[in-house]
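Quick notes on the structure that follows.
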Amino acid sequence: MPSPSSLFIERLTQHARETPHRVALHDGSRQLRYGDLINTLVERRHRLARLDARRVALALDNGVEWALWDLALLLDGRVAVPVPGFFSHAQRQHLVTQAGLDAWIGPGGDALGFATSDDAAIAIRPVETPPYLHAGTTRITFTSGTSGTPKGVCLDAKAPLQVTASLSDIVGPLGIERHLAMLPLATLLENIGGIYVPLWLGATACLPSLATTGLQGASAFSPDIALTAIDTFRPNSLILVPQLLQALIEASPQAPESLRFVAVGGARVSESLLSRAHEGGWPVYQGYGLSECASVVCLNRPGEQAQGVGRLLPHAQARITTSGEVLINGATMLGYLGEPAASDWHPSGDLGHWHGDSLVLDGRRREMFITAFGRNVDPQWVEGELLLQRDIAQALVHGEALPSNRALIVPATPETTDVQLACAIATVNRTLPDYARIGTWRRCAPFTPHNQQLTANGRLRRDTLLAGYGEWLLAPHIPTEKVTAMSAYQMLQDATHEERNWLLSAPLLTRAQAGKVSLAEYLGFLTQAYHHVRFTVPLMMDCGAHLPDRLNWLRAALVEYIEEEHGHEQWILDDIRAAGGDAEAAARSNPHPATQLMVSYVRDVINHGNPVGFFGMVQVLEGTSTALATQAAEQMQASLALPNDAVRYLTSHGDLDIGHIAFFEGLVNRLENDDLQAVIETARMVYRLYGAMFRGIEANSNGGSAVRELTNALV
Numbered sequence: 000m001p002s003p004s005s006l007f008i009e010r011l012t013q014h015a016r017e018t019p020h021r022v023a024l025h026d027g028s029r030q031l032r033y034g035d036l037i038n039t040l041v042e043r044r045h046r047l048a049r050l051d052a053r054r055v056a057l058a059l060d061n062g063v064e065w066a067l068w069d070l071a072l073l074l075d076g077r078v079a080v081p082v083p084g085f086f087s088h089a090q091r092q093h094l095v096t097q098a099g100l101d102a103w104i105g106p107g108g109d110a111l112g113f114a115t116s117d118d119a120a121i122a123i124r125p126v127e128t129p130p131y132l133h134a135g136t137t138r139i140t141f142t143s144g145t146s147g148t149p150k151g152v153c154l155d156a157k158a159p160l161q162v163t164a165s166l167s168d169i170v171g172p173l174g175i176e177r178h179l180a181m182l183p184l185a186t187l188l189e190n191i192g193g194i195y196v197p198l199w200l201g202a203t204a205c206l207p208s209l210a211t212t213g214l215q216g217a218s219a220f221s222p223d224i225a226l227t228a229i230d231t232f233r234p235n236s237l238i239l240v241p242q243l244l245q246a247l248i249e250a251s252p253q254a255p256e257s258l259r260f261v262a263v264g265g266a267r268v269s270e271s272l273l274s275r276a277h278e279g280g281w282p283v284y285q286g287y288g289l290s291e292c293a294s295v296v297c298l299n300r301p302g303e304q305a306q307g308v309g310r311l312l313p314h315a316q317a318r319i320t321t322s323g324e325v326l327i328n329g330a331t332m333l334g335y336l337g338e339p340a341a342s343d344w345h346p347s348g349d350l351g352h353w354h355g356d357s358l359v360l361d362g363r364r365r366e367m368f369i370t371a372f373g374r375n376v377d378p379q380w381v382e383g384e385l386l387l388q389r390d391i392a393q394a395l396v397h398g399e400a401l402p403s404n405r406a407l408i409v410p411a412t413p414e415t416t417d418v419q420l421a422c423a424i425a426t427v428n429r430t431l432p433d434y435a436r437i438g439t440w441r442r443c444a445p446f447t448p449h450n451q452q453l454t455a456n457g458r459l460r461r462d463t464l465l466a467g468y469g470e471w472l473l474a475p476h477i478p479t480e481k482v483t484a485m486s487a488y489q490m491l492q493d494a495t496h497e498e499r500n501w502l503l504s505a506p507l508l509t510r511a512q513a514g515k516v517s518l519a520e521y522l523g524f525l526t527q528a529y530h531h532v533r534f535t536v537p538l539m540m541d542c543g544a545h546l547p548d549r550l551n552w553l554r555a556a557l558v559e560y561i562e563e564e565h566g567h568e569q570w571i572l573d574d575i576r577a578a579g580g581d582a583e584a585a586a587r588s589n590p591h592p593a594t595q596l597m598v599s600y601v602r603d604v605i606n607h608g609n610p611v612g613f614f615g616m617v618q619v620l621e622g623t624s625t626a627l628a629t630q631a632a633e634q635m636q637a638s639l640a641l642p643n644d645a646v647r648y649l650t651s652h653g654d655l656d657i658g659h660i661a662f663f664e665g666l667v668n669r670l671e672n673d674d675l676q677a678v679i680e681t682a683r684m685v686y687r688l689y690g691a692m693f694r695g696i697e698a699n700s701n702g703g704s705a706v707r708e709l710t711n712a713l714v
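Shown next, in the form of structure tokens:
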């Protein structure tokens, strides 16, 4: 009997023969037709073989390149290890070590011990004794890790292709011609549904960058950007997690006309959300699956009455134990990385029952929850981190099917203030991946055995707490009066939300995250950065001189900032030279009007207003660096083939400003209300001016007017 890989190649060969001019892969800037796909994959397979790359990390953004390398690895039987973009450095290091990776495709490998090879796309790393893998492993998909440490699921080539064939049987009759990948291709569900299924059917897999589809990190999403992508690519099918579906429906209650099938899964989907979707004509079908079972196990079908998470896929089997747990067979994993081989029947940890031949889920056996973005979180892990803070005595964390996690917090003493609790939570959040962070919290009375919220041996009684605080913990949206008082730093973020979003929506910033900027635009950015960074230290000194005596403690902070920032303008000039630009000409040039006005405005605030307002500029510049600098540097360096010395300013500030923001947050939380308002007002203006600067850079490169962009920003 032919292997699954052979059958897949046969399908691709058939499409190449029958429809050679049809587009197979398309990412907005590049497309590849079926007639060229096989030869391209052969060339990729030769490149992998020449370097003897056996266990290969895929750390690329969504795109044609991701698909080509993934397919080459699959068809060659090499081990592919997709790397989620939101993984922290520590999580990536764990992944490299545990899987024994010897090759890395994509940016960031140098920080993990990979060196450049004679193939520019593949970095390599010697591994003398690779860790043991289950026999037949061709893919290791790492979950987000319920306790912060990613867990590797080992799959053979057969499992994902079994799921591919089953899904193709279901959606094939719908005449799907284009699928748009909205989730990271490192997600097994999108890997299979967004690449393998379209290619199996002879359709087009549309794979634009994640920034193009509105997804940033693990938990940030812009529905407006996503709807623009849908309008551009006109897909017939999508795969979504509940939070993305909800955001899209809120932004566009009526479904885009091109859609015929939208699969939603990864976390529990509320009945109200499904009803809203169907009312607006969104062709939404709920499904269910696990990485351990090569993603999809059940799916509701078009033309059938939706029940629970739907019927089993053709390849899958399931049974329910006497305790109600769902066991699954078919396309199951070989085992977890570093653990014994798995049995045929996988215990899902989910409770369920049958409604006819459809599976209805009743909850989870374990305390682990799944966020609305499909991320697994062990609440005990996050609670343990919170309890390390001296101001927190007890904590309960909940996030099942929610866009951000919620926490019940018991203060260490009755005198502990909300500001102290907010600072403690912020300290913990900085150490956690974004999917595990606390978004909203509530101050509570102590949990005790007497109120049935604690067992005699000190364990939380979660059911009792969920019942007692369920109105707050389980509500899809929390009424304003139910939310505890915000810290000063949280108030700053909330008050500048609109202006910050306007800055981040600048097309140049969106393109930079995908590496789609020209060298001229990058040099234009560095030139404007030079013109405002060279004034940073003088402005800090000016601020210190004008601070009132009651804020002497801020002067010490300014001294630390000055020591950190001194000489950074020279870094920028060095980057310009390394990128092939004229640093001397950049230094002599006149700044854009937005850059000039930004510096002048802050100087005026210091000299004629409240000098604390200067820290509004810090909020904008460092917050933007933290959010965007590192990824933009990696993507632009790769797309423009820049040396490391040409991106020092961005890469250093991406890392440096993470520490600065933590320091800055503590400063803001000590400010009185009048001083906080001065910071907010300055930040609002600087967000507008900084956004105008980026729009002006783009306008100049396209023959437009930077002055017009500044005018638009201030109207």
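Per numbering that gives the first Met the number 0, the sequence shown runs over residues 0 to 714. Glycine residues also receive a C-beta, built at the ideal position from the N, C-alpha and C atoms.
If you draw a 10 Å sphere on the C-beta of Leu-688, you find 16 or more other C-beta atoms in it, and that means buried. At least 8 Å separates the beta-carbon of His-14 from that of Leu-206. The beta carbon of Asp-168 sits closer than 8 Å to those of Pro-313, all from its chain and outside the five residues before and after it, given in chain order. In the structure shown, Val-263 falls within a strand segment according to DSSP collapsed to helix, strand and coil.
Within the segment 415 to 460, the runs of alpha helix (DSSP H) that reach at least 4 residues and sit entirely inside it are, in chain order, 417 to 428. By the 16-neighbour rule on beta-carbons within 10 angstroms, Gly-566 is exposed. With contacts defined as CB atoms closer than 8 Å, Phe-85 and Pro-445 fail to qualify as a contacting pair.
Two segments are said to touch when three or more pairs of C-beta atoms, one from each, lie closer than 8 Å; by this definition the segment 31 to 50 does not touch the segment 229 to 236.
Ala-185 has its alpha-carbon roughly 13 Å from the corresponding atom of Pro-159. Cβ atoms of Glu-697 and Glu-520 come within 8 Å of each other, at about 7 Å.
In the structure shown, the three-state DSSP call for Ile-175 is coil. Secondary structure of Phe-141 (DSSP, three-state): strand. Separation of Pro-339 and Ala-58 (C-alpha to C-alpha, rounded to the nearest whole angstrom) is 28 Å.
A direct Cα-Cα distance of roughly 9 Å separates Leu-472 from Asn-404. Closest option to Val-678, judged by alpha-carbon separation, among Gly-608, Lys-157 and Gln-636: Gly-608. Taken in chain order, the whole alpha helix (DSSP H) runs of length 4 or more contained in the segment 325 to 407 are 378 to 386. Within the same chain, Ala-58 and Leu-59 come within 6 Å of Gly-105 by CB-CB distance, once the 5 residues on both sides are set aside.
Taking the Cα of Gly-201 as reference, the smallest distance to any Cα among Leu-182, Glu-303, Pro-172 and Met-181 is reached at Pro-172. In the three-state reduction of the DSSP assignment, Ser-236 falls in the strand class, which pools E and B. Ala-682 and Tyr-648 have their C-alpha atoms some 22 Å from each other. Taking the Cα positions, Asp-155 is about 9 Å away from Ala-293.
With respect to the 8 Å criterion, Arg-275 and Ile-319 are not classified as neighbours on the basis of their beta carbons. Note that the segment 29 to 47 does not touch the segment 179 to 197; fewer than 3 beta-carbon pairs, one per stretch, sit closer than 8 Å.
Bridge pairing for Tyr-287: Cys-297 [DSSP]. Straight-line spacing of the CA atoms in Val-558 and Gly-622 works out to 20 Å. Thr-142 places its beta carbon less than 8 Å from that of Ser-290.
Counting along the chain, no beta strand (DSSP E) covers Trp-552; the unbroken alpha helix (DSSP H) around it starts and ends at 551 to 564.
With contacts defined as CB atoms closer than 8 Å, Ser-347 and Val-376 fail to qualify as a contacting pair. Following the DSSP letters along the chain, one finds Pro-81 in no alpha helix (DSSP H) but inside the beta strand (DSSP E) bounded by residues 78 to 81. Membership of Ala-677 in the alpha helix (DSSP H) is indicated by the continuous run 672 to 700. Between the segment 252 to 271 and the segment 125 to 136, the count of Cβ pairs shorter than 8 Å is below three; the stretches do not touch. Secondary structure note for Trp-103: its beta strand (DSSP E) is the uninterrupted segment 102 to 104. Straight-line spacing of the CA atoms in Ser-342 and Arg-138 works out to 18 Å. Cα atoms of Phe-220 and Ser-700: separation of roughly 28 Å, rounded to the nearest angstrom.
Of the residues assessed, Ala-266 falls on the buried side of the cut-off, its CB having 16 or more other CB atoms within 10 angstroms.
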